[in-house]
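Single-structure report; data block below.
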Amino acid sequence: MNQPLAYVHPSAKIANTVVIEPFTTIHKNVEIGEGTWIGSNVTIMEGARIGKNCRIFPGAVISAIPQDLKFEGEDSLVVIGDNTTIRECVTINRGTKALGKTVVGKNCLIMACAHIAHDCVIGDNCVIVNGVLMAGHVEMGDWAIVGGLSAIQQFAKIGTHAFVGGGSLVRKDVPPFVKAAKEPISYAGINSIGLRRRGYDNDQINEIQNIYRILFQKNYNTTQAVDIIETDFEATADRDEIITFIRNSQSGIMKGFRLD
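Residue numbers are given in full-length UniProt numbering: position 50 of the sequence shown equals residue 50, and the series is strictly consecutive.
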């Protein structure tokens, strides 16, 4: 249902059940899936691919060109998965030739005034809280949460099920399953509450906790810790995910446990 006071480019592909409120502008080369609601004063620019049953609140700007001086006008996309909610004044920039797209997964909640820059890849079931600023090429695993007013440096990676405390400056990679806080960003325990909510049992949680004791609390360097974890812990999906994340880190992982 298109309101007469909204503008929709004739070439945009909009499912019949999409609701578009007044004063919204939808540019060419846009696709929006069934059941999505677009609030008033939303701007959806060229290259947006929005899934089914999404909700986009007033003031959001989706798929504006990157804030990147290397951008040369190349074709690129913003891809937003089904059932994702984007709250007021969120900005999501489209990709550059480096990746070609910015991705936000399914069932995500992007709260008011957050910014997701070019070539970011956000997994499914993620929560990005109010005022988070995410630079280019950031990767965020499924079920991760970033607290309000946090700033994430370009190319940083946040692992699955990780929880980043509000107001954090994320300059290093945050491994899976952990809580991260303080300045500089540091290990603050494992995200046991989140893991229990998602069906992890006590044995799995204890294994993850013991792995991170080796990595963050035993005064080993990262290489030594990973070797010990690989030798002393039985191979499981969780153990292997942690090891793979650490070995693939380009920026280095965050600091270990500190008392101050």
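All C-beta atoms, glycine included, are put in the ideal place defined by N, C-alpha and C.
- DSSP, read as helix, strand or coil, puts L215 in helix.
- The distance from the Cβ of I214 to that of I229 is about 5 Å, consistent with a contact at the 8 Å cut-off.
- Rounded to whole angstroms, the Cβ separation of P175 and I242 is 6 Å, and the two are in contact under 8 Å.
- Sequence-distant Cβ neighbours of G167 in its own chain, meaning closer than 8 Å and more than five residues away, are G147, G148, L149, S150.
- Under the DSSP definition of a beta bridge, A180 partners with V164, Y187.
- By the Cβ criterion, the segment 71-79 is in contact with the segment 98-109, since at least three pairs of Cβ atoms, one from each stretch, lie closer than 8 Å.
- Boundaries of the beta strand (DSSP E) harbouring R49: 48-50, taken from the DSSP string.
- Check the Cα spacing between N41 and each of G35, A60, G33: the tightest is with A60.
- Contact annotation: W143 and H161 have beta-carbon atoms nearer than 8 Å.
- Here DSSP, grouped into helix, strand and coil, assigns L195 to helix.
- Of the candidates G199, V18, T91, T236, the residue whose Cα lies closest to the Cα of N130 is T91.
- Just measuring C-alpha positions, the residue of V30, I65, F57, M254 sitting nearest I50 is V30.
- Counting along the chain, the unbroken alpha helix (DSSP H) around A237 starts and ends at 237-247.
- In the DSSP annotation of this structure, A12 is not part of any beta strand (DSSP E), being labelled neither H nor E.
- By the neighbour-count criterion, in which a residue is buried when 16 or more other Cβ atoms sit within 10 angstroms of its Cβ, R197 is exposed.
- Within the segment 113-172, no run of alpha helix (DSSP H) reaches 4 residues while sitting entirely inside it.
- In this structure, the beta-carbon distance from T43 to D68 does not fall below 8 Å.
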